[in-house]
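If you're matching them up, the sequences are chains A and B in order. According to the numbering used here, the first sequence is numbered sequentially starting from 158. According to the numbering used here, the second sequence is numbered sequentially starting from 158. Virtual Cβ for every residue (Gly too), placed ideally from N, Cα, C. Remember, predicted model here, so these are calculated numbers, not experimental data.
There are 2 protein chains.
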Amino acid sequence: MKVSRKEEIILLAAKLFREKGYSAVTMRDIADALGVKAASLYNHIRSKQELLSTIIIQTATQFTEGMQAIVESPESTSQKLRHIIELHIEITIQNPDFLAALNNDWMHLEEDLQFFLQMREGYEENFRSIIKVGLANGEIADRDPEIMLFSMLSTLRTLYLWYAKKGGIDAKTLKTDMPDTLLCGVLG
Amino acid sequence: MKVSRKEEIILLAAKLFREKGYSAVTMRDIADALGVKAASLYNHIRSKQELLSTIIIQTATQFTEGMQAIVESPESTSQKLRHIIELHIEITIQNPDFLAALNNDWMHLEEDLQFFLQMREGYEENFRSIIKVGLANGEIADRDPEIMLFSMLSTLRTLYLWYAKKGGIDAKTLKTDMPDTLLCGVLG
DNA sequence: ATATCTAACTAACAATCGTTAGTTTTGAAT
DNA sequence: ATTCAAAACTAACGATTGTTAGTTAGATAT
């Protein structure tokens with residue numbers, strides 16, 4: 158399983174996008190980090206925008222497909238919520254840098270902006286519907302569903318900020334304590 | 158209480174920084190939105206960097222001072238946590254755009270970067286110590302304190318994304334249901 | 001050895017960036 | 001009406017941006 162030069166560039170670009178944001182990263186920054194001249198990058202990629210689009214759409218697709226499977230499953234609401242949490246943890250661990258771009262640089266998409274926004278809206282709508290079912294059958298606390306959605310989603314979306322191989326929260330702790338914290342709170 | 162031209166520029170800059178990020182906003186963007194030429198801005202401000210620094214340091218100072226008061230108070234852990242939540246809600250409502258810059262553009266600070274990082278670290282350390290006291294006296298669930306800290310802080314930091322005068326979650330709902338959701342979870 | 005392909009290179013482009021200098025307009029106080 | 005300061009303007013600067021064109025080095029296959 159070797160990474161092509163193009164994949165190498167994409168991984169490095171994601172890392173730099175995370176550190177400084179898409180707009181602040183120049184093609185020369187990426188090239189320098191690869192020990193290469195900026196023009197050489199264009200033997201492998203079409204544009205800077207292609208880098209961003211690849212990173213974001215690829216990751217967003219993972220979320221969309223994962224959520225679809227959860228929605229269609231016959232589980233209880235709390236089981237579905239646990240699976241959503243696991244989905245976020247897994248994708249985050251797989252490549253935290255991609256999630257930074259997804260969260261912070263999506264507005265710099267050009268061709269694919271509308272497509273991305275549709276995916277994101279669909280994801281949130283699925284999440285919301287799961288919460289509302291749980292609210293209706295009493296499985297979930299009687300509080301504003303938007304706030305519960307927001308609270309969970311905020312935490313899950315910024316997981317990449319806290320997960321790190323060194324110095325951060327490790328994967329095992331995340332998988333055991335994160336669901337309980339989100340579902341049962343800090344006090345309970 | 159009228160706003161000076163300088164304050165007007167800062168407020169508008171914060172709005173644009175929120176929409177596109179610091180690096181992607183040009184002085185000409187800010188000037189256009191004000192119906193003015195870019196060079197005219199320099200009659201009121203020293204640099205683009207001054208705009209960012211003012212926005213971020215001013216807001217970070219509010220958090221630092223608010224947290225200091227909470228830490229020094231003689232309340233229970235859960236009362237302190239409720240006050241932290243209220244602090245975030247109040248500062249967020251006061252100017253959501255400033256919080257976007259604080260969260261997303263702090264890495265573009267130049268002179269004030271170290272000062273900001275110190276403030277942020279101090280804030281997190283105070284938050285952590287409150288959680289640990291609650292853990293020690295049994296007031297808080299026996300789970301990884303880092304995850305509880307992360308979970309609350311992630312939600313509170315991205316409040317600005319959800320609060321909106323129109324179409325979002327309103328201030329009253331936030332103040333009533335947010336503390337319960339964070340402290341007691343979704344199920345409980 | 002020759003041909004082919006990949007991936008690097010140099011050089012340059014038009015556009016845009018933050019900012020400065022110097023000048024003119026505006027509006028309120030005298 | 002005159003004065004004066006605030007705030008706008010025009011013009012331009014050097015630097016940097018993403019990207020293109022054309023070329024060359026190095027490996028692989030024939």
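For this session: Find the residues of chain B that neighbour A:A238, judging by a C-beta separation of less than 8 Å, and give them in chain order.
Result: In the sequence under discussion, the amino acid at residue 238 of chain A is Leu, which differs from the Ala named in the question. The CB of A:L238 comes closer than 8 Å to the CB of V343 in chain B, given here in chain order.
Problem set entry | Bridge partner(s) assigned by DSSP for A:Y320 | In the DSSP output, where bridge partners are listed per residue, A:Y320 has A:I326.
Exercise. Got a sec: which bits of the region 297 to 310 of chain B sit with their beta carbon under 8 Å from any beta carbon on chain A, in order along the chain?
Worked result: So the list reads I297, A298, R300, D301, E303, I304, M305, F307, S308, M309, given in the order they occur along the chain.
Exercise. Starting from B:R314 and walking both ways along the alpha helix (DSSP H), at which residues does that stretch end?
Worked result: From DSSP, the alpha helix (DSSP H) with B:R314 extends over 302 to 314.
Exercise. How big is the Cα-Cα spacing for A:E243 and A:L310?
Worked result: Using only the alpha carbons, I get a separation of about 13 Å.
Exercise. Around the Cβ of B:R203, are there at least 16 other Cβ atoms within 10 angstroms (buried) or fewer (exposed)?
Worked result: The Cβ neighbour count for B:R203, taken over all protein chains shown within 10 Å, is under 16; the residue is labelled exposed.
Exercise. Skipping 5 residues on each side, what residues in its chain have a beta carbon closer than 6 Å to that of A:M158?
Worked result: Reliability fails at A:M158, whose pLDDT of 46 lies under 50, so the model's placement of it is uncertain and no value is given.
Problem set entry | Below-9 Å beta-carbon distance, A:T330 vs any chain B residue | For A:T330, the answer is yes, since a Cβ of chain B falls inside 9 Å of its Cβ.
For this session: Can you tell me which of A:G295, A:Y280, A:F307 puts its alpha carbon nearest to the alpha carbon of A:T221?
Result: For A:T221, the nearest C-alpha among the options comes from A:Y280.
For this session: Give the DSSP-derived three-state secondary structure of A:G345 in the structure shown.
Result: Residue state for A:G345 is assigned as coil, using DSSP reduced to three classes.
Exercise. What residue range is occupied by the uninterrupted alpha helix (DSSP H) comprising B:S235?
Worked result: Its alpha helix (DSSP H) spans residues 234 to 251.
Problem set entry | Limits of the alpha helix (DSSP H) - the one that A:A167 falls within | Going by the sequence as given, residue 167 of chain A is Ile instead of Ala. That run of the alpha helix (DSSP H) goes 162 to 177.
For this session: Please check the pair A:A258 and A:L209, which I expect to be a contact at CB under 8 Å, by giving their CB distance rounded to whole angstroms.
Result: Contact flag correct, Cβ pair sits at about 7 Å.
Problem set entry | Assigned secondary structure, A:S204 (DSSP; H/G/I helix, E/B strand, else coil) | In the structure shown, A:S204 sits in coil (DSSP, three-state: anything other than H, G, I, E or B).
For this session: Establish whether the CB of A:S180 and some CB of chain B are separated by less than 9 Å.
Result: The beta-carbon of A:S180 is placed less than 9 Å from the nearest beta-carbon of chain B.
Problem set entry | Closer than 8 Å at the beta carbon, the chain A residues around B:S235 | Neighbours of B:S235 on chain A, chain order: L344.
For this session: Examine the ligand GTP and report whether any of its heavy atoms sits within less than 8 Å of the Cβ of A:M264.
Result: Summarising the ligand content, the structure contains no ligands, and the ligand GTP is consequently not present.
For this session: Identify the continuous alpha helix (DSSP H) that holds B:Y199 and give its terminal residues.
Result: Unbroken run through B:Y199: none, as it is neither H nor E.
Exercise. Where does A:P231 land, buried or exposed, given buried means 16+ other C-beta within 10 angstroms?
Worked result: Here A:P231 is exposed. Its C-beta has fewer than 16 other C-beta atoms within 10 Å.
Problem set entry | Three-way DSSP call (helix, strand, coil) for B:P336 in this model | B:P336 falls in the helix class under three-state DSSP.
Exercise. Do the region 174 to 181 of chain B and the region 169 to 180 of chain A touch if we need at least three Cβ pairs shorter than 8 Å?
Worked result: Yes: at least three Cβ pairs fall under 8 Å.
Problem set entry | DSSP three-state assignment for B:S286, whether helix, strand or coil | Helix.
Problem set entry | Cβ-Cβ distance between A:L316 and B:V343 below 9 Å | No, the pair does not count as a contact, with Cβ atoms beyond the cut-off.
Exercise. What residue range is occupied by the uninterrupted alpha helix (DSSP H) comprising A:M184?
Worked result: In the DSSP assignment, A:M184 falls within the unbroken alpha helix (DSSP H) covering 184 to 191.
Exercise. What did DSSP end up calling A:E295 once you bin it into helix, strand or coil?
Worked result: The displayed chain sequence assigns Gly, not Glu, to residue 295 of chain A. Under the three-state reduction of DSSP output, A:G295 falls in the coil class, being neither helix nor strand.
For this session: Please name the residue, chosen from A:F284, A:L173, A:R314, A:F273, that lies closest to B:M264 on a Cα-to-Cα basis.
Result: It is A:L173.
Problem set entry | Cα-Cα separation between B:K237 and B:E282, rounded to whole angstroms | Taking the straight line joining both Cα atoms gives about 14 Å.
Problem set entry | Among B:H240, B:T249, B:D186, B:D189, nearest to B:A212 - alpha-carbon criterion | The amino acid at residue 212 of chain B is misidentified as Ala; the sequence shows Ile. Each of B:H240, B:T249, B:D186, B:D189 was checked against the Cα of B:I212, and the nearest Cα belongs to B:T249.
For this session: List the residues of chain A whose Cβ lies closer than 8 Å to the Cβ of B:L339, in chain order.
Result: For B:L339, the chain A residues whose C-beta falls within less than 8 Å of its own C-beta are S308, G342, V343, listed in chain order.
For this session: Count the other C-beta atoms from every protein chain shown that fall within 10 angstroms of the C-beta of A:D189, then say buried if there are 16 or more, exposed otherwise.
Result: Exposed is the call here.
Exercise. How should B:A171 be labelled, buried or exposed, when 16 other C-beta atoms within 10 angstroms of its C-beta is the threshold for buried?
Worked result: Counting the other CB atoms within 10 Å of its CB gives B:A171 a total of 16 or more, which places it among the buried residues.
Problem set entry | Contacts of B:K177 in chain A (Cβ-Cβ under 9 Å) | Here the neighbours are S180, M264, H265.
Problem set entry | Straight-line gap, B:D337 to B:M224 (C-alpha atoms, nearest Å) | Approximately 20 Å, taken between the alpha carbons.
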